[in-house]
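Each remark here refers to the structure printed beneath this line.
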Amino acid sequence: MTTTASVKQILGDLNKDSFVTLLGKLIGESKYVQNNPPELIPEEDRIVNHVLDTLLPYSTTTGGGPLIINHVTYKPNRGNLIVEYPGTQPGKILSFVGMHMDVVTANPDDWEFDPFSLSIDGDKLRGRGTTDCLGHVALVSELMRRLGETKPQLKSTVVAVFIASEENSSIPGVGVDALVKDGLLDKLKKGPLFWIDTADKQPCIGTGGSIPWKLHVTGKLFHSGLPHKAINPLELAMEALKEIQSRFYRDFPAHPKEQVYEFATPSTMKPTQWFYPGGGINQIPGECTVSGDVRLTPFYSVSDAMKKLQEYVDDLNANIEKLDGRGPVSKYVLPDENLRGRITITFDEASSGVACDLNSRGFHVLCKATKEEVGHVKPYSITGTLPLIRDLQDEGFDVQTSGYGLMATYHAKNEYCLLSDMCQGFRVFASVIAQLED
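Just so you know, we're using this note's numbering here: the sequence shown kicks off at 110 and counts up by one.
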């Protein structure tokens, strides 16, 4: 039996040349795995094929090794890949999941280098997907290849799940949601599941829920020289939104657990977009729409927040004349014309946040591995969203998250990661596997 102490020694360090070579092939496909339907539908099998080229020589498929490989496809050219290194103890398992094979879009005209080919600048590995998430695809592929090569006799089964369709959910039933529905990941519930799609080498222990909202405001169009005959929807929108935000922060204040989880911010509600139908500068428009989102820490209910927002709007409509005006003739009711300004709120698809289990064995081994290999451990939480991991948590998986790209380049122009960070990530994975042998 391989001893726990020797597991890390057997797995060793990341093979930099092999990793960079594979990553170069993956980034070379990034143009074709941009995910922005209907214009851009990724072909994740382009990535799958390179991973298969790396792992099949060590698989039961070819007879060259112990890796059990399952290529699962629900839509043409859009596969997922489940790779298993079998352990000796039934039911003892750990998994690395979430390494997605699609990327966000990139406009080469906006970049300082070609986003769709790997370029190297010292420690920097540059290109779309290096941080999110093709770098992690290559990293975990190298981990599974090393297991297949060295064949350590582990008690734990180690599973890697490379997924399709993470960056956009408008086409359902393609990626991890379909794998869960079909029961293909059920056995992963017996051990910690490490979601490898965050950044900065530290455990991410909390994420936010998201409620995209649109506030449509109807007034009365009129000449700006006769403002007393108009209901100005822009002014109404500003005053209504100010009141809605005030009530939101009263009802969803900073939660005590946010300090425990090191959330960077409490729950927030803010506008991010403004639309109006156009017209002359001397024309008060008849309507406008303000859009934005709520970012809700996981200690509050998304459905409760949506219900409250609707209640705020209903109350404001019933008492629209009580809102502050903007000057002596600014008003939201025209009694002589039997007209009242009106506000409606609608919501796009909402998602809930995640608070990882801080008592989990998976969390403790990840923290210890991070401290050993990175030099310090400082778990953090943000109100960015990872809706897929909340779904997994709700299904009974013990989800912990980490990642070895850079938050500063996530979804950004001129994306890059650091080779040295990926090397540390490989050693963290080896330490996690070793610790879970105990």
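Ideal placement from N, C-alpha and C gives every residue a C-beta, glycine not left out.
8 Å Cβ cutoff met for residue i and residue j
i: V246; j: L135; result: yes
i: A273; j: E153; result: yes
i: K217; j: D211; result: Reading off the sequence, residue 217 comes out as Pro, not Lys. For P217 and D211, no; Cβs fall outside 8 Å.
i: P195; j: P166; result: no
i: E546; j: V116; result: yes
i: N277; j: N144; result: yes
i: F225; j: M531; result: no
i: V503; j: L302; result: Residue identity differs from the one stated: residue 503 is Asp in this sequence, not Val. No, the pair does not count as a contact, with Cβ atoms beyond the cut-off.
i: L203; j: I542; result: yes
i: K201; j: T307; result: no
i: S490; j: C313; result: yes
i: G493; j: T316; result: yes
i: L252; j: F535; result: yes
i: L149; j: R255; result: no
i: L263; j: G318; result: no
i: I340; j: D402; result: no
i: A464; j: P407; result: yes
i: N189; j: L288; result: yes
i: E371; j: P444; result: no
i: L418; j: A349; result: no
i: S250; j: L123; result: no
i: P342; j: P394; result: yes
i: F472; j: Q509; result: yes
i: S529; j: L475; result: no
Rounded C-alpha distance that separates residue i from residue j
i: E458; j: Q533; result: 37 Å
i: G236; j: I177; result: 31 Å
i: R451; j: G484; result: 57 Å
i: T130; j: D360; result: 52 Å
i: R470; j: K184; result: 36 Å
i: S279; j: N447; result: 42 Å
i: L527; j: Y513; result: 8 Å
i: S460; j: W383; result: 23 Å
i: E420; j: G231; result: 55 Å
i: Q198; j: E352; result: 59 Å
i: E193; j: K290; result: 19 Å
i: M208; j: I454; result: 36 Å
i: M415; j: K298; result: 31 Å
i: W322; j: M516; result: 26 Å
i: G292; j: G300; result: 16 Å
i: Q368; j: H332; result: 52 Å
i: C397; j: T327; result: 7 Å
i: L330; j: Y441; result: 12 Å
i: T374; j: S400; result: 21 Å
i: E555; j: A521; result: Summary: the structure shown does not reach residue 555, with the chain confined to residues 110 through 547, and so no result is reported for it.
i: I390; j: M347; result: 19 Å
i: T170; j: D162; result: 12 Å
i: W304; j: G505; result: 14 Å
i: G282; j: F205; result: 21 Å
i: V160; j: G172; result: 17 Å
i: Y519; j: K338; result: 49 Å
i: W220; j: E524; result: 9 Å
i: I564; j: D423; result: Residue 564 lies beyond the stretch modelled for the chain, which goes from 110 to 547, so this question has no answer here.
i: N468; j: K366; result: 15 Å
i: I156; j: L501; result: 24 Å
i: F75; j: L345; result: Because the chain spans 110 through 547 in this model, residue 75 falls outside it and cannot be assessed.
Collapsed DSSP secondary structure at residue i in the structure displayed
i: D154; result: helix
i: S168; result: strand
i: C526; result: strand
i: V438; result: coil
i: S490; result: strand
i: L190; result: strand
i: V283; result: coil
i: C313; result: strand
i: H180; result: strand
i: S460; result: strand
i: L432; result: coil
i: F372; result: strand
Cross-strand partners of residue i (DSSP beta bridge)
i: G401; result: W322 and P380
i: F331; result: I393
i: C476; result: Looking at the DSSP assignment, C476 forms no beta bridge with any residue, so it has no partner.
i: Q143; result: V212
i: R451; result: T327
i: F107; result: Residue 107 lies beyond the stretch modelled for the chain, which goes from 110 to 547, so this question has no answer here.
i: G514; result: A308
i: L443; result: L448
i: L149; result: N145
i: F357; result: BP columns for F357 are empty, so no partner.
Test: residue i CB closer than 8 Å to a CB of chain D
i: H485; result: As a matter of chain content, chain D is missing from the structure shown, which is built from one protein chain.
beta-carbon residue i near the ligand COA non-hydrogen atom, thresh 7 Å
i: V116; result: Among the ligands in the structure shown, none appear at all, so the ligand COA cannot be discussed.
Continuous beta strand (DSSP E) assignments of at least 3 residues falling wholly in the region 203-274
Counting only runs of 3 or more, we get 228-230, 233-235 and 266-272.
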